[in-house]
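Reading through the structure tokens given below for one structure.
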Amino acid sequence: MSSLFTQIREGQLPGHVLWDDGRCFAILTIKPIRVGHLLVIPHQEVDHWDDMEAELNAHVFQVASVLSRTLRSQFDCEKVGMMVAGLEVRHAHLHLVPITAISDLNFALAQERDEVAQLGTACRIRQALRDAGHPAVPDED
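Numbering-wise (full-length UniProt numbering), the sequence shown opens with residue 1 and increments by one.
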């Protein structure tokens with residue numbers, strides 16, 4: 001059975017896909033710590049990020065760099081924090097979170113946002129990626 005993330009990417013479950021280049025994709029998390037909190041996920045379903053082939057691992061981190069710069073340009077933050085946890089969904093993924101303090105990387109702060117707010121955030125990120133000339137941005141939801 002496909003992972004929750006793959007089901008979102010394939011449109012079987014609702015979600016906001018922000019990036020899909022055929023090797024990895026990015027989605028908004030359904031329970032963000034802060035506005036703009038997203039996940040970067042390889043298409044290949046591996047449980048541990050360090051089990052990815054080196055080339056795919058490097059690609060995922062390169063895409064995370066692009067998305068991090070986009071988050072910094074769009075949200076009021078000091079840094080974009082990155083975390084690998086993977087305990088809830090057994091499909092390797094990177095969390096990118098716009099932060100102003102280390103205490104912002106606290107998953108106890110995560111809460112569901114309403115769909116209108118999520119859609120607005122997704123549109124904002126996608127448009128910034130398009131404006132920067134990135135071709136891996138999917139059409140709107």
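Every residue, glycine too, gets a C-beta built ideally from N, C-alpha and C.
Straight-line Cα distance separating residue j from residue i
| i | j | result |
| --- | --- | --- |
| residue 114 | residue 30 | 9 Å |
| residue 107 | residue 135 | 32 Å |
| residue 48 | residue 42 | 11 Å |
| residue 80 | residue 1 | 32 Å |
| residue 9 | residue 44 | 12 Å |
| residue 105 | residue 56 | 26 Å |
| residue 132 | residue 73 | 11 Å |
| residue 78 | residue 66 | 16 Å |
| residue 46 | residue 82 | 19 Å |
| residue 5 | residue 102 | 27 Å |
| residue 3 | residue 112 | 20 Å |
| residue 68 | residue 7 | 24 Å |
Proximity below 7 Å, CB of residue i to CB of residue j
| i | j | result |
| --- | --- | --- |
| residue 40 | residue 58 | no |
| residue 33 | residue 110 | yes |
| residue 38 | residue 26 | yes |
| residue 138 | residue 51 | no |
Residue closest to residue i, alpha-carbon to alpha-carbon, out of the options
| i | options | result |
| --- | --- | --- |
| residue 35 | 53, 96, 55, 43 | 96 |
| residue 28 | 79, 103, 93 | 93 |
| residue 130 | 112, 70, 105 | 70 |
| residue 140 | 3, 11, 6, 5 | 11 |
| residue 23 | 61, 78, 50 | 61 |
| residue 100 | 76, 112, 82 | 76 |
Chain B within 7 Å of residue i, Cβ atoms only
| i | result |
| --- | --- |
| residue 7 | Structure shown: chain B not included; a single protein chain is present. |
N-terminal and C-terminal residue of the alpha helix (DSSP H) that residue i is part of
| i | result |
| --- | --- |
| residue 102 | Taken as a continuous stretch (DSSP letters only), residue 102 belongs to no alpha helix (DSSP H), as it is neither H nor E. |
Residue range of the unbroken beta strand (DSSP E) whose run includes residue i
| i | result |
| --- | --- |
| residue 27 | 24-28 |
### Query
Looking at C-beta atoms only, is the number of pairs between the segment 85-101 and the segment 111-125 that lie closer than 8 Å three or more?
These segments do not touch.
### Message
Would the segment 11-19 count as touching the segment 121-130 if we require 3 or more Cβ pairs under 8 Å?
### Response
Enough Cβ pairs lie closer than 8 Å, so yes.
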